[in-house]
Amino acid sequence: MPSDLSVFQLLNNRLNMLETRQKTVAENVANANTPGYVPNDIDQAAFERSLSRYSQPSVGSVGLATTQNGHIQGTAAPAPLVRTLSTPDSEVTMDGNAVVVEEQMLRLNQTRADFDTALSLYQKGLSLIRLASRSPT
């Protein structure tokens with residue numbers, strides 16, 4: 003399965019994080035006129051730290067235990083932590099709202115570009131696997 007390869011796990015986790023970020027930015031824009039609302043964003047530093055386990059070589063770090071012939075017990079890697087943080091924009095209105103729609107649109111545009119890049123890399127990886135699995139004839 004492609005999802006067993008660490009590159010695809012990284013890309014899948016990145017796509018999930020970008021999906022969460024898009025939802026968070028959409029919520030910020032929806033609350034642009036809510037008094038006292040402070041916008042949120044993804045804690046990207048914590049997300050990148052949680053992904054560091056995929057960039058480390060894992061030779062010898064996985065131990066398998068068999069309970070019966072033909073049975074292999076293992077554990078799945080935990081999902082990366084995606085947290086949101088309050089991130090006020092550059093301006094706060096008189097009613098305490100800290101959402102600047104222009105800044106949120108910039109975040110949304112960056113998220114879209116990052117999503118397109120990650121999706122393109124995922125598709126290229128699948129194409130390489132398909133190419134490698136074809137018969138040479």
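Letter by letter, the sequence shown follows residues 3 to 139 in my numbering.
We put the CB at the ideal spot given by N, CA and C, even for glycine.
Fair warning: this is a prediction, and the values are worked out from it, not measured in the lab.
Could you check whether residue j and residue i sit closer than 7 Å to each other, using their CB atoms as the reference points?
i      : j      : result
Arg114 : Val27  : no
Thr86  : Pro41  : no
Tyr39  : Asn111 : no
Asp97  : Pro37  : yes
Glu93  : Val102 : yes
Could you tell me which residues DSSP puts in a beta bridge with residue i?
i     : result
Leu87 : Asp43
Just how far apart, CA to CA, sit residue i and residue j?
i      : j      : result
Phe49  : Val84  : 6 Å
Pro138 : Thr22  : 42 Å
Val64  : Leu7   : Low per-residue confidence applies at Val64: pLDDT is 49, beneath 50, and the placement is therefore not dependable, though the value from the model is reported in the following sentence. Using only the alpha carbons, I get a separation of about 15 Å.
Phe10  : Asn33  : 35 Å
Ala134 : Arg51  : 32 Å
Ile146 : Ser129 : This structure cannot settle anything about residue 146, because the visible part of the chain is limited to 3 through 139.
Lys126 : Arg132 : 10 Å
Leu20  : Thr95  : 28 Å
Asp1   : Gln24  : This structure cannot settle anything about residue 1, because the visible part of the chain is limited to 3 through 139.
Gln46  : Asn18  : 12 Å
Tyr124 : Arg136 : 19 Å
Hey, residue i and residue j are a contact pair by Cβ (cut 8 Å); roughly how many whole angstroms apart?
i      : j     : result
Gln106 : Asn35 : The Cβ separation is near 13 Å, so there is no contact.
Is any heavy atom in the ligand FMN found nearer than 6 Å to the beta carbon of residue i?
i     : result
Ala34 : What this structure holds is no ligand at all, so the ligand FMN is not there to describe.
Between the segment 8-26 and the segment 118-126, do three or more beta carbon pairs fall short of 8 Å?
yes
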